[in-house]
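Some notes on the structure that comes next.
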Amino acid sequence: MRPLILNISNQFFCFMILITVTNCSHGNRNGDIEPLILLLGNFSGSGPFSQVPDFPCEGNISKTTAKTVFFETGKERSGKGCRRYYKYSKDMASIGVLHQFRNLIQNAEFLKYYIAYENLDISDQLSDNEKNTYEQSSNFIYVKKDYLGESIYFNPGSNIIFILEALSAHVEYNVTFDGGDIGSFCSEGVVIDNNTPAKAFILTKGATVPGNVTGNSSPCFYEIRTNVAIPNLTVTATGAANLSLSVYAEKDTSLVEYSILNANATKTLSNIPVSINSRRLIKVDGLNAGSCPGGCSFNLSVQ
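By my numbering, the letter at position 205 of the sequence shown is numbered 215, and the numbering carries on one by one without gaps.
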């Protein structure tokens with residue numbers, strides 16, 4: 011057995027191990043020595059393998075320094091744990107369109123979205139619950155790690171503040187706030203379709219939005235969210251007689267708790283309680299498969 015040779019180079023903060031062993035293989039008849047060389051790098055040093063510093067957390071990192079955005083943020087960089095504040099331009103919400111937040115650079119798993127209730131003067135400090143969970147709160151109508159396809163309806167002229175938090179180091183993002191018409195069919199094959207519970211349009215009390223159903227296989231889903239208790243919510247669908255209206259149990263997308271299936275052009279469900287920091291799913295659908303072959307337009311109101 012030949013000796014182990016250890017050669018350390020301080021200049022580059024790495025070291026090389028040269029191991030020589032006598033041949034134990036019957037296939038090498040000459041008995042040659044076979045060297046095995048391992049080059050190991052120390053990446054914590056200051057040489058060519060040194061770690062790249064994380065992006066700084068500076069600029070719009072508080073409510074008072076929030077950056078006003080229009081259609082998108084532009085390219086932003088954030089280090090792990092950095093929370094950047096933005097203000098949605100009040101003029102952009104003047105026509106009451108839907109807004110969907112999508113990251114154009116990296117997968118959404120690297121960002122956490124905090125979207126405040128409209129016209130709410132949020133605190134610069136997040137609660138421990140908001141930091142550690144992905145759930146709506148008294149400040150935020152939407153807190154999630156990624157955007158699952160839901161769109162948020164902001165009432166005309168609203169002020170909206172939101173926060174984007176980097177969940178890993180060296181996060182780059184460019185978030186767009188694409189909007190869309192809300193009076194079209196609910197399943198046109200576009201991003202803002204609301205034909206499943208997971209893609210329900212998020213509303214707040216006081217909103218009135220248009221929709222359009224075809225048959226009973228193209229439902230329109232909405233979700234009322236609130237940060238205060240609503241003891242007697244009223245949900246009304248007007249415009250077409252052959253539609254059904256359903257309201258689901260709180261935070262439950264499988265159990266219908268209130269429904270109306272009559273042939274009246276105005277359908278109203280009232281005295282529906284919604285707890286603080288809670289939500290209810292709402293569905294508008296055709297009474298049967300042949301109800302709306304060419305579409306049934308309606309207006310949905312949550313008061």
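For each residue, glycine too, the CB sits at the ideal point set by N, CA and C. Source: prediction; values computed, not measured.
Taken atom to atom, the span from the alpha-carbon of threonine 236 to that of valine 62 is near 43 Å. Runs of alpha helix (DSSP H) with 4 or more residues, each lying fully within the region 237 to 275, are absent. Sixteen is the threshold: when 16 or more other Cβ atoms of the shown chains lie within 10 Å of the Cβ of glutamate 140, as they do, the residue is buried.
Between the alpha carbons of tyrosine 127 and valine 185 lies a distance of about 19 Å. For asparagine 142, the enclosing alpha helix (DSSP H) begins and ends at 138 to 142.
It is roughly 9 Å from the alpha-carbon of serine 307 to the alpha-carbon of threonine 224. Taking 8 Å as the cut-off, the beta carbon of leucine 279 is found no closer than this to the beta carbon of valine 312. When secondary structure is reduced to three states using DSSP, phenylalanine 120 falls in the helix class.
Residue state for proline 207 is assigned as helix, using DSSP reduced to three classes. By the Cβ criterion, the region 283 to 296 is in contact with the region 255 to 263, since at least three pairs of Cβ atoms, one from each stretch, lie closer than 8 Å. Taking a contact to require three or more Cβ pairs closer than 8 Å, the region 171 to 179 and the region 83 to 99 qualify as touching. Within the region 58 to 103, the runs of beta strand (DSSP E) that reach at least 3 residues and sit entirely inside it are, in chain order, 77 to 79, 86 to 88, 93 to 98. The shortest C-alpha to C-alpha distance from alanine 217 to any of Phe164, Ser194, Leu253 is the one to Phe164. For the pair aspartate 295 and alanine 251, the Cα-to-Cα distance works out to about 11 Å. By the criterion of a C-beta distance shorter than 8 Å, alanine 76 is surrounded in its chain by Asn70, Tyr95, Tyr96, Lys97, Ile171, once the five residues flanking it on both sides are discounted.
With contacts defined by Cβ atoms closer than 8 Å, serine 88 and valine 153 do not form a contacting pair. Its chain contains Gly89, Lys90, Ala179, His180 as the residues whose beta carbon lies nearer than 8 Å to that of aspartate 64, once the 5 sequence neighbours on both sides are disregarded; these appear in chain order. Nearest to valine 284 by alpha-carbon distance, out of Cys302, Pro241, Asn298, is Pro241. As DSSP reads the structure, tyrosine 183 sits in a beta bridge with Glu86. Between the C-alpha atoms of serine 161 and lysine 155 there is a straight-line separation of about 15 Å.
Under the DSSP assignment, lysine 215 falls outside any beta strand (DSSP E); it carries neither an H nor an E label.
About 6 Å separates the beta carbon of glycine 305 from that of phenylalanine 195, a gap short enough to meet the 8 Å contact definition. Partner residues in the beta bridge of aspartate 295, as assigned by DSSP, are Ser254.
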